[in-house]
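For reference, the structure is listed below as structure tokens.
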Amino acid sequence: MRILFALLQKEFIQIKRNKTILRLIIVLPVVQLLILVNAATLEMNNLQIAVYDNDDSALSSRLVSELDASPFFRMSASPPNVESGISQIEEGTVDFLLVITDGFEKDALAGNTSRVQLLANAINSQQAQLGFAYLQQVAHRSMKNFAVEMQGIVPESKISTTSAFWYNPELNYKFFMVPGILVVLVSVVGMFLTSMNLVREKEMGTIEQMNVTPVRKSTFIVAKLLPFLIIGLFELGLGLIIGKLIYDVPIEGSLWLIFGIGTLYLIGLLGLGLLLSTFSSSQQQVTFVSYFFLLVFILMSGIFTSVDNMPEWGQKVNLINPFFYFIDVMRSILLKGAGLADLWRQVGGILFLAVTLVTLAVFNYRKAS
Amino acid sequence: MKQLWSFIRKESRHILRDKRTLAVLFVMPLAQILIFGYVISTEIKDARIGVLDNAGDYSSRQVIDRLVSSGYFMVQDYYSNSRQMENALRRGDIQMAVVFSPDFGSDMERPDGTSVQFIADASDANTARMLVNYAEGIVAGYELQSTEVLNQQNTPLIVEARMFYNPSLRGVLMSVPGIMAMILILVSAMMTSISITREKEYGSMEVLLISPLQPWQIILGKVAPYVILSLVNAITILAVGIFVFHVPMSGSYLLLTFVSLLYILLSLSLGIFISTVAPNQMVAMFISLFALMLPTILLSGFIYPIENMPVWLQWFSYIMPPRYYISALKDVMFKGAGLLVVWKEVLVMTGFLVAFLLLSIRNFKVRLE
Amino acid sequence: MEASSYVINVKDLVKKFGDFTANDRLTFHVKRGEIFGFLGANGAGKTTAIKILCGLSVPTSGFVEVSGYNVKTQSEKVKSSIGYMSQKFSLYDDLTVFENIRLFGTIYGLSSGEIKERSADMLSRLGIEEQRNRLIGTLSLGWKQKLAFSVAVLHRPKIVFLDEPTSGVDPITRRQFWELIYQAADEGITVFVTTHYMDEAEYCNRVTIMVDGRISALDTPSGLKSQMKCDSMNDVFLKLTRPN
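Chains as they are written, first to last, in this note's numbering: chain A, 6 to 374; chain B, 612 to 980; chain C, 210 to 453.
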């Protein structure tokens, strides 16, 4: 116990002396939380649309003004002809070009099918699709209204849909980004510090000095993990405070539960950092390897894109992705007020990973070669 | 000049000797683009829905069939009461619940129609919004069709769509260029920053500095092997993009190479710059990994389109170099654009390159004095 | 001589790295209290051998006993009875002199009273009491080496292993360093030291000369010199490594 205390004291003094890192692990997460959370919206508005209206009739102007009024589209100046409209798409100055040909209103009045053409830059396929769907909606509505006014037909609606957005009725994307980004930041700091720390001692040769002492392997590893666990939990708390104060993220569930599962999660992740460092002989190597794991884990975790959109194998891989479990846990506890009974699957996964990774790390860390 | 050449040869041998790191450097980017290309998708596919069908009649089953056959949804479970549905949502078993009122089918004949409710788990706001949008669209389509059967009228309006560059609306066109840009900048910046700070940390930089080599020659010697390495990486990544993900390549390969080379040089010079401000490898890695990773993912617009972001954040994204590379890639590869179109991007990237180099030289000199 | 007067017993020690044999059937014994030198060129297998003796490396085959414990099966018991100083300087650069002493003292089970007493004693002997709170990283290499040695014997081990302790320091510091070694030997600590400085071999009670992983000579320095008919250890070494 005295030895453990002495080792912990050593680690903390070293962390305290490394002023640059200390500043970075406080400042970077805060800055990133403040800035990056705002980026994560797929909510589309202000898409640039240009209209080439060759019909120039009452109906076509109605359609154009309805488009103009919608928040989804922003109207650009009308191009003089279709070709220049297309070149605007090519240049990327507009996303959509709506072409209304001569005879549009006439067809409508005659009861024939009238046609409009939408040209879209479809590199962002989702944006193109949504733009198309939205335009269809607006166009149908203008037609309907036009028909009502001209012919007095009242169209009947048979199925109405209502929708409810639970846990986040305002659809505030920041509510779900804050927990996600927070998990990433906490994890990167924790895993990075652990893996670099041990390899650094290897490079400096101090690890050898430790290995000839009678320090028990388990004591040494606990002393390596505990400081970073504490730092990780501190960052978690800091991030939650920022989330609450700046983004007003709801905290529906128990904070105890968050920190409890968080501790388990961090132990697993730090175990992974330690495991990677036992394999590596230089800081350069461990950097690249942990970067690889971090990036794969992060992008597969469902933090940015829904896990359900992934192919089957990707979802299988996620069974060993600690980020996947913990991001889900954080979102569920914070936003849905989920309890342990709702989260047994995720907690089971985290527990399994933590036990496996720490065991592997301890097993793989040898005092002798 | 001869000295420089032999120095470069020495550095290259040094890199080639560390087989493990070398393998990591080549395999990692390849693995990443393969994984991310398949995994990063904002396209809804097989979203898990739960059904609370209080009606259980023909029409409600029809609606469910429609939802499922669209490919967007799959039914995870049927519930008999709202308690079960609530639990499933909270546990995250389903992403959206579909609730039919007891008289769903028979109400269709009544003048004020019938209604169906979608309850989405908005703890993932982006996905929730899309799911409800798609579901409402599908129900509207079903309604339209069942109406048409009744009054055999012409469809009043047809919106024809022409999707430029991406007629089959594939999501990879959006994600793959972004993934390329991200992988290249992270790996390149990390490699150079760490290898130069390593030299500083072990004091061998001092030895080099008193050698007849000029400081710029030392930097060049350190970076030159990595230019080759990164170029190989860029080629592999582009090849995977074109041949595995079938990203269209309609522009000139020469221009593509030129733009990519410029981007690599820019990334490497960013690495040099980091190494001049970082006192040791740990800090260098922290900056190049931690400070670059998330901003690169989020602010270069490959998952979340920049146009959707708050305006102040859009301004922020102007200082993200990947943004310009992604834009140039899309222009050259998808639109077949020439230098005349992408000159702006080329200019900005050159600007970044020069700025990083100038800043590095300044820092380097300050350190020497 | 009875076995217990030996603190190190090595018999047929072999260490292989793949096809490469770093230590080829080494057999030697080290007596309690002697200064035992291990000589050889770089790559002769000295560091490999010393690492095995300290329990940092596992022998491929053979019997190795250090202070009465088998290093294969009781390596942790070996470790509490020895001190070690590696060729790479290895106190913590970002800890102060005292913090390093306190850390290693505690690890070897010294009480805080003992640590205070011994560190004061040690610093005054080295004449650097005022450097107590300086970061190790800011000291000169010579001082670092002397401190590393003093820390390695702080817990009064039975044996101290020194792996090229004086490489890279100036001749004056080297002399001072050997004075520290003699002091430790006077206190009854057995010293096992590797070096490639031949003049240092003269300071040892007995020396082993290693060539290409094998022991090619083992005797007192004067014994070796008369055996090989040489004037200095340097000539002995040259004769052994380059017979022609």
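Ideal Cβ positions, reconstructed from N, Cα and C, are used throughout, including at glycine.
Those residues which DSSP pairs with residue i across a bridge
i	result
Leu293 (chain C)	Note that residue 293 (chain C) is Tyr in the sequence shown, not Leu. C:Phe370.
Ser168 (chain A)	B:Phe729
Lys288 (chain C)	Lys288 (chain C) is not bridged to any residue.
Residue i, enclosing beta strand (DSSP E) - first and last residue
i	result
Ile459 (chain C)	The requested residue 459 (chain C) does not occur in the structure, where chain C is confined to residues 210 to 453.
Val710 (chain B)	Met707 to Phe711
Thr417 (chain C)	Arg415 to Val420
Lys454 (chain C)	It is not possible to answer for residue 454 (chain C), since the shown part of chain C is limited to 210 through 453.
Ile244 (chain C)	Ile244 to Gly249
Asn126 (chain A)	Ser119 to Asn126
Val851 (chain B)	Looking at the DSSP string, Val851 (chain B) is not in any beta strand (DSSP E), and its letter there is neither H nor E.
Phe401 (chain C)	Thr399 to Thr404
Three-way DSSP call (helix, strand, coil) for residue i in this model
i	result
Asn467 (chain C)	Residue coverage of chain C in this structure runs from 210 to 453, which leaves residue 467 (chain C) outside it and unanswerable.
Glu16 (chain A)	helix
Ile217 (chain C)	strand
Met774 (chain B)	strand
Tyr391 (chain C)	helix
Glu274 (chain C)	strand
Val217 (chain A)	coil
Ser441 (chain C)	coil
Leu633 (chain B)	helix
Phe856 (chain B)	coil
Phe298 (chain C)	coil
Thr310 (chain A)	coil
Thr424 (chain A)	Within the shown structure, residues of chain A are numbered from 6 to 374, placing residue 424 (chain A) beyond reach of any answer.
Thr738 (chain B)	helix
Lys225 (chain C)	strand
Gln763 (chain B)	Low per-residue confidence applies at Gln763 (chain B): pLDDT is 42, beneath 50, and the placement is therefore not dependable, though the value from the model is reported in the following sentence. Residue state, collapsed to three classes: coil.
Ile212 (chain A)	helix
Ile769 (chain B)	strand
Leu344 (chain C)	strand
Gln315 (chain A)	The amino acid occupying residue 315 (chain A) in the given sequence is Met; Gln does not appear at that position. Residue state, collapsed to three classes: coil.
Tyr370 (chain A)	coil
Pro823 (chain B)	coil
Met893 (chain B)	helix
Thr375 (chain C)	coil
His145 (chain A)	helix
His625 (chain B)	helix
Ala154 (chain A)	Checking the sequence shown, residue 154 (chain A) turns out to be Glu, not Ala. DSSP places Glu154 (chain A) in helix when its eight states are reduced to three.
Thr847 (chain B)	helix
Glu396 (chain C)	coil
Run of the alpha helix (DSSP H) containing residue i, from where it starts to where it stops
i	result
Arg336 (chain A)	Pro327 to Arg336
Phe1 (chain A)	A query on residue 1 (chain A) cannot be resolved here, the shown segment of chain A reaching from 6 to 374 and no further.
Val227 (chain A)	Lys222 to Tyr252
Thr315 (chain C)	Val306 to Ile316
Ala410 (chain C)	Met407 to Ala410
Tyr813 (chain B)	Unbroken run through Tyr813 (chain B): none, as it is neither H nor E.
Ile263 (chain A)	Leu260 to Phe284
Trp257 (chain C)	Going by the sequence as given, residue 257 (chain C) is Thr instead of Trp. Thr257 (chain C) -> alpha helix (DSSP H) spans Lys255 to Leu262.
Val360 (chain C)	Leu350 to Ala361
Leu780 (chain B)	Per DSSP, Leu780 (chain B) belongs to no alpha helix (DSSP H) and is neither H nor E.
Gly344 (chain A)	Per DSSP, Gly344 (chain A) belongs to no alpha helix (DSSP H) and is neither H nor E.
Whole-Å CB distance - residue i paired with residue j, under 8 Å assumed
i	j	result
Val420 (chain C)	Gly249 (chain C)	7 Å
Thr256 (chain C)	Arg7 (chain A)	With 8 Å as the limit, Thr256 (chain C) and Arg7 (chain A) do not qualify as a contact, their Cβ atoms being about 32 Å apart.
Residue i: CB within 8 Å of a non-hydrogen atom of the ligand MG
i	result
Pro268 (chain C)	What this structure holds is no ligand at all, so the ligand MG is not there to describe.
Problem set entry | Segments of 4+ residues assigned as alpha helix (DSSP H) that fall wholly inside the region 906-934 of chain B | You should have 922-928.
Problem set entry | Uninterrupted beta strand (DSSP E) stretches inside the region 654-702 of chain B (no shorter than 3 residues) | List check, beta strand (DSSP E) in window: 658-664 and 684-690.
Exercise. In chain order, which continuous runs of the alpha helix (DSSP H) of length 4 or greater are located wholly inside the region 23-105 of chain A?
Worked result: For the region 23-105 of chain A, the full-length alpha helix (DSSP H) segments reaching 4 residues or more read 24-41, 63-74 and 87-96 along the chain.
For this session: Note down, in chain order, all residues in the region 210-225 of chain A with a beta-carbon under 7 Å from any beta-carbon belonging to chain F.
Result: Here the protein chains are A, B and C, and chain F is not one of them.
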